[in-house]
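Undergrad: I'd like to ask some things about the structure below.
Numbering (our numbering), first residue to last: 83 to 319.
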């Protein structure tokens, strides 16, 4: 039985590892479609089973993009915690547009205000950059790093994983930190949230809890619909 099966298996394997025929290309495209379909089904299932924990939920589109990247980064061993932080910059800065989600229990742990860069936009984020001194936010997938004490107190270093999109995060000093301009009080006085120099700044009262939860190689994703879908399988390891 072994000798009968092996030639058939070898033929099947070599038919896809040799130069692809038009039939094989069609088959591979079908596999890609099935993979995308499976992800969409999985993302929809996870989303529909999220425990909001008395907080609001992110939009399905941004969550699906975030989960897709998380799954690939976790499979590659880059992300080492089942914690996903999602920032949705398609939303008004006057709304709570940062979520921290425990994917082990499918529970929303935090839903918070978060600032974008001063040159990224007023109330809404519209322009992004990876350049030093741009004072703009950078989109895409990040790996959270280590905690340090900086001028804003307890802060968290971030490593951008997308070349040309956010990979200068460390060089630029893009970190998560507390800011007094990230508050409901500031919104009431200025009709919009305060802005950073490109960092995802968060409210002072939540900083310690959020940073302690997401530190040390968890996934952070900053979403905006203007961002091209990135092949996260090719991101820096």
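Glycine included, each C-beta is placed from N, C-alpha and C at the ideal position.
What do you get for residue 181, buried or exposed, if any count of 16 or more other CB atoms within 10 angstroms of its CB means buried?
TA: Buried.
Undergrad: Exposed or buried, residue 179, counting other C-beta atoms within 10 Å across all chains shown (16 or more means buried)?
TA: Buried: at least 16 other Cβ atoms inside 10 Å.
Undergrad: Report the option in 265, 231, 227, 252 whose CA atom is closest to the CA atom of residue 195.
TA: Closest by alpha carbon: 265.
Undergrad: Tell me the start and end of each unbroken beta strand (DSSP E) in the stretch 150 to 186 that is at least 3 residues and wholly inside, in chain order.
TA: Listed in chain order, the complete beta strand (DSSP E) runs (minimum 3 residues) inside the stretch 150 to 186 are 165 to 170, 180 to 184.
Undergrad: Between which two residues does the alpha helix (DSSP H) containing residue 310 stretch?
TA: Run containing residue 310: none; DSSP gives neither H nor E here.
Undergrad: Write down the C-beta distance between residue 131 and residue 188 rounded to the nearest angstrom, noting that I regard them as a contact closer than 8 Å.
TA: Yes, they are in contact, since the Cβ atoms of residue 131 and residue 188 sit about 5 Å apart, within 8 Å.
Undergrad: Looking at the secondary structure, which residues open and close the beta strand (DSSP E) in which residue 292 lies?
TA: It is not in any beta strand (DSSP E) - residue 292 instead sits in the alpha helix (DSSP H) that spans 286 to 296.
Undergrad: Can you give the Cα-Cα distance for residue 247 and residue 212, rounded to whole angstroms?
TA: For residue 247 and residue 212, the distance between alpha carbons rounds to 6 Å.
Undergrad: Excluding the 5 residues flanking residue 185 on each side, which residues of the same chain have their C-beta closer than 6 Å to its C-beta?
TA: Counting only Cβ-Cβ distances below 6 Å, and skipping sequence neighbours, we find 164, 166.
Undergrad: Of the residues 289, 199, 134, which one's Cα is nearest the Cα of residue 281?
TA: Comparing Cα positions, the closest option is 199.
Undergrad: Take the Cβ of residue 277 as the centre, count every other Cβ of all protein chains shown within 10 Å, and call the residue buried at 16 or more, exposed below.
TA: Residue 277 comes out buried.
Undergrad: State the Cα-Cα distance for the pair residue 156 and residue 269, rounded to the nearest angstrom.
TA: The alpha-carbon atoms of residue 156 and residue 269 are separated by roughly 37 Å.
Undergrad: To the nearest angstrom, how far is the alpha carbon of residue 301 from that of residue 206?
TA: Cα-Cα distance, rounded: 24 Å.
Undergrad: Is it true that the CB of residue 284 sits closer than 8 Å to the CB of residue 292?
TA: Taking 8 Å as the Cβ cut-off, residue 292 and residue 284 qualify as a contacting pair.
Undergrad: CA-CA distance, residue 97 and residue 145?
TA: The predicted position of residue 97 is uncertain, since its pLDDT is 42 and thus under 50; no value can be drawn from it.
Undergrad: Thinking just about the alpha-carbon of each residue, which of 173, 295, 240, 249 is nearest to the one in residue 306?
TA: Measuring from the Cα of residue 306, the nearest candidate turns out to be 173.
Undergrad: Note down the Cα distance separating residue 192 from residue 137, rounded to an integer number of angstroms.
TA: Residue 192 and residue 137: Cα-Cα distance of roughly 8 Å.
Undergrad: Would the beta-carbon of residue 183 fall within 8 Å of that of residue 226?
TA: Not a contact, by the Cβ cut-off of 8 Å.
Undergrad: Measuring straight from C-alpha to C-alpha, what distance separates residue 267 and residue 176?
TA: If I take the Cα positions, the gap works out to 11 Å.
Undergrad: Please work out which residues of its chain come closer than 7 Å, Cβ to Cβ, to residue 128, disregarding the five sequence neighbours upstream and downstream, and give them in chain order.
TA: Only 149, 188 meet the Cβ criterion.
Undergrad: Label residue 308 either buried or exposed according to how many other C-beta atoms from any shown protein chain fall within 10 Å of its C-beta, with 16 as the threshold for buried.
TA: Burial call: exposed.
Undergrad: Could you name the residues that DSSP lists as bridge partners for residue 260?
TA: Its beta-bridge partners are 284.
Undergrad: Closest by CA to residue 224, which one among 272, 160, 210, 134?
TA: Checked all of 272, 160, 210, 134; the closest Cα to residue 224 is 160.
Undergrad: Would a check of beta-carbon distances place residue 181 closer than 8 Å to chain C?
TA: No chain C is present in this structure, which holds just one protein chain.
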